[in-house]
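Mapping of the sequence shown onto full-length UniProt numbering: position 189 corresponds to residue 189, and the numbering continues sequentially without gaps.
Worksheet: the structure to be examined is printed underneath.
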Amino acid sequence: MTISDAQLMLVPGGTSAMAITRTYSAVHKLWEFFEREEATGQKRSKWIVVAPRPIEECFPPMIEASTAALENHLTRLPAEVDVIVETSGSTSGQPRLVGLSYAALVASARATHEALGGPGRWIVALPVHHIAGLLTLVRCCVAEASPVIAELDGGFDADALIRACRSMFEGGGVRTDLRSYLALVPKQLQDALDFGGELVEYLARLDAILVGGAALPVALRERAETAGLRVVTSYGMTETAGGVVYDGVPLAGVRVETAENGCALIHSPTLLVDYLDGETGADFVSVDGLRFLPTADQIISEGGKVQVQGRADEVIISGGLNISPLPVANALVSTTVSSEASVTEAVVLPAADSLWGQIAVAVVTVAQPVVDLPATARHWRELVGSELGKEFAPRAFIVLETLPRTDLGKPDKHALEKMVQELLELPAELRPANLWVKENKERA
Numbered sequence: 001m002t003i004s005d006a007q008l009m010l011v012p013g014g015t016s017a018m019a020i021t022r023t024y025s026a027v028h029k030l031w032e033f034f035e036r037e038e039a040t041g042q043k044r045s046k047w048i049v050v051a052p053r054p055i056e057e058c059f060p061p062m063i064e065a066s067t068a069a070l071e072n073h074l075t076r077l078p079a080e081v082d083v084i085v086e087t088s089g090s091t092s093g094q095p096r097l098v099g100l101s102y103a104a105l106v107a108s109a110r111a112t113h114e115a116l117g118g119p120g121r122w123i124v125a126l127p128v129h130h131i132a133g134l135l136t137l138v139r140c141c142v143a144e145a146s147p148v149i150a151e152l153d154g155g156f157d158a159d160a161l162i163r164a165c166r167s168m169f170e171g172g173g174v175r176t177d178l179r180s181y182l183a184l185v186p187k188q189l190q191d192a193l194d195f196g197g198e199l200v201e202y203l204a205r206l207d208a209i210l211v212g213g214a215a216l217p218v219a220l221r222e223r224a225e226t227a228g229l230r231v232v233t234s235y236g237m238t239e240t241a242g243g244v245v246y247d248g249v250p251l252a253g254v255r256v257e258t259a260e261n262g263c264a265l266i267h268s269p270t271l272l273v274d275y276l277d278g279e280t281g282a283d284f285v286s287v288d289g290l291r292f293l294p295t296a297d298q299i300i301s302e303g304g305k306v307q308v309q310g311r312a313d314e315v316i317i318s319g320g321l322n323i324s325p326l327p328v329a330n331a332l333v334s335t336t337v338s339s340e341a342s343v344t345e346a347v348v349l350p351a352a353d354s355l356w357g358q359i360a361v362a363v364v365t366v367a368q369p370v371v372d373l374p375a376t377a378r379h380w381r382e383l384v385g386s387e388l389g390k391e392f393a394p395r396a397f398i399v400l401e402t403l404p405r406t407d408l409g410k411p412d413k414h415a416l417e418k419m420v421q422e423l424l425e426l427p428a429e430l431r432p433a434n435l436w437v438k439e440n441k442e443r444a
């Protein structure tokens, strides 16, 4: 088969009720095909490939041109592909088109329900043109349940989430045999806890809240659990059809090995078929006769648990010292939680430096306004130093009210890197008050 043999079906992404309803209809049609083939072996007559896309590409005046543009972007389309999902590009900077089979999506949904305690109904609070949001729809198909829509297309909306929870628990025709689930990114969880009240009471009634897309700070998890929420962390990516490791434990059928470079190799029934754009496809490797996907995620694997330490391609090399940003960011949040100048969120990034090659810069948000940034920054450095070693403490801090984000709610690292470099290139007398730089050239 060739690309021309496929019937591409673009469906709208985002979190609006219209988009989710249309995309769920397409996903459910694929589920019907899959279920019939699984039960009877009967193949479908048409090769329909569903492609969730940003909603603006799917309006009637644009749909034809958007479909043609997607077709032109494809360089390969294996017959096993049923769904095309674009990566966010938040790590590599370049989004890629990932081809997934519906069997992989179903395997992911079934493994998720097994890990969480049984099939359930999901509140959809993530954009459905990204894998995390799309999977909430697939899980509903597998559980034979309709999704509960939280319309968050305008950003986080506590009232909309409350209405969704109310529909989950108090709406007509509620199935009592199904569990109740929600998937969020860490910032949404933080916003929900900040809002408190009725929303948190509802969230505490859910059987599980799956949190992924970015590392979950320990302090935020502890705060959620103190409020009575059952939080489960998820590690995965579009290429693995979402999370394959929950709370450090690989899902059923998943193997995570450590490559020689310290990065994760993943084998799973949920792996992508291939990348569908660019000159090269996925660079699979064989281990014990099984297909593994190499990643750039550095891991520690002990006692059957996997802990992600950060990405190898994000390591900051400062004067010959390798600094992994994630442990530094986590330390900034966890060690300052009880101080007056507590950091609520941190992203650690590299910046070019004439002496050190690169330095680590922490972009942070804080619980209370910082009155004396130089003194506070030195205090933050001491806390990180006591946790990781003084040489790992950031040499510059930028305080923001909010972090720029992608449409999935992840910190927009590319926008932040550009901002960091521009600010540090300013002469000292022109630097803004929310920037502090350690000027002396000693290592610590």
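Just so it is clear, CB atoms sit at the ideal spot from N, CA and C, and this is done for glycine as well.
As the structure is a prediction and not an experimental result, all values here were calculated from the model.
Span of the alpha helix (DSSP H), counted from its first residue to its last, around residue i
i	result
arginine 163	158-170
aspartate 191	186-195
tryptophan 436	Here tryptophan 436 belongs to no alpha helix (DSSP H); instead the beta strand (DSSP E) covers 435-437.
proline 394	Where proline 394 is concerned, there is no enclosing alpha helix (DSSP H), given that its DSSP letter is neither H nor E.
leucine 70	60-73
Contacting residues, own chain, Cβ-Cβ under 6 Å from residue i (five flanking each side not counted)
i	result
glycine 385	Ala393
leucine 97	Ile84, Glu86, Leu276, Asp277
isoleucine 323	Ile316, Ala360, Phe392
valine 437	Ala396
leucine 74	Ile3, Leu276
glutamate 57	Ser66
arginine 44	Phe33
Sequence-distant residues of the same chain with beta carbon closer than 7 Å to residue i, five excluded per side
i	result
aspartate 412	Pro404, Arg405, Thr406
valine 285	Leu265, Phe292, Pro294
isoleucine 131	Val85, Thr238, Ala241, Gly242
serine 268	Thr240, Val244, Gly253, Val254
glutamate 71	Ile3, Leu8
glycine 409	Val185, Lys187, Gln188, Gly213
glutamine 358	Ile316, Ile317, Ser318, Pro350, Ala351, Ala352
glutamate 417	Leu349
methionine 419	none
arginine 76	Asp274, Leu276, Gly281
leucine 229	Leu203, Ala204, Ile209
Residue i: first and last residue of the uninterrupted beta strand (DSSP E) it sits in
i	result
valine 8	A small correction: the amino acid at residue 8 is leucine; valine does not occupy that position in the sequence shown. From DSSP, the beta strand (DSSP E) with leucine 8 extends over 7-12.
glycine 236	231-237
glutamate 86	83-86
Reduced DSSP category for residue i - H, G, I as helix; E, B as strand; rest coil
i	result
valine 420	helix
alanine 214	coil
leucine 182	strand
threonine 406	coil
glycine 385	helix
arginine 36	helix
proline 54	coil
residue 445	Outside the modelled stretch of the chain, which goes from 1 to 444, sits residue 445, for which no answer is possible.
valine 27	helix
valine 200	helix
threonine 365	strand
proline 78	coil
alanine 282	coil
Beta carbon of residue i nearer than 8 Å to that of residue j
i	j	result
leucine 100	valine 273	yes
arginine 179	glycine 248	no
glycine 208	tyrosine 181	One point to set straight first is that residue 208 is alanine, not glycine, in the sequence displayed. It is a contact, given that the beta carbons lie within the stated cut-off.
valine 50	valine 106	no
aspartate 313	alanine 329	no
valine 333	valine 366	no
alanine 192	alanine 158	yes
alanine 19	isoleucine 55	yes
glycine 13	proline 95	no
leucine 349	proline 325	yes
serine 204	tryptophan 122	The question names serine, but residue 204 is alanine in the sequence shown. Contact flag unset, no.
isoleucine 299	valine 308	yes
valine 306	proline 250	yes
valine 15	aspartate 153	It should be noted that the sequence gives threonine, not valine, for residue 15. Yes, they are a contact pair.
proline 147	tyrosine 24	yes
proline 432	leucine 424	no
arginine 53	histidine 129	yes
valine 200	alanine 164	no
Neighbourhood of residue i by C-beta distance below 8 Å, restricted to the same chain and skipping five residues each side
i	result
glutamine 190	Leu220, Thr344, Glu345
tryptophan 31	Tyr102, Val106, Val138, Cys141, Val142
serine 339	His379, Leu383
glutamate 225	Val231
valine 218	Asn330, Val333, Ser334
Next on the checklist: Just to confirm the assignment: which complete alpha helix (DSSP H) runs, minimum length 4, are found wholly within the stretch 94-170?
Outcome noted: Qualifying alpha helix (DSSP H) stretches, in chain order: 102-116, 131-143, 158-170.
Item to check | Contained beta strand (DSSP E) runs [length at least 3] in the stretch 246-280, N- to C-terminal order | outcome: Residue ranges of uninterrupted beta strand (DSSP E) with 3 or more members, entirely inside the stretch 246-280 and ordered along the chain, are 255-258, 263-267.
Item to check | Secondary structure, alpha helix (DSSP H): runs of 4+ residues fully inside the stretch 286-363 | outcome: Those alpha helix (DSSP H) runs which fall completely within the stretch 286-363 and span 4+ residues are 325-336.
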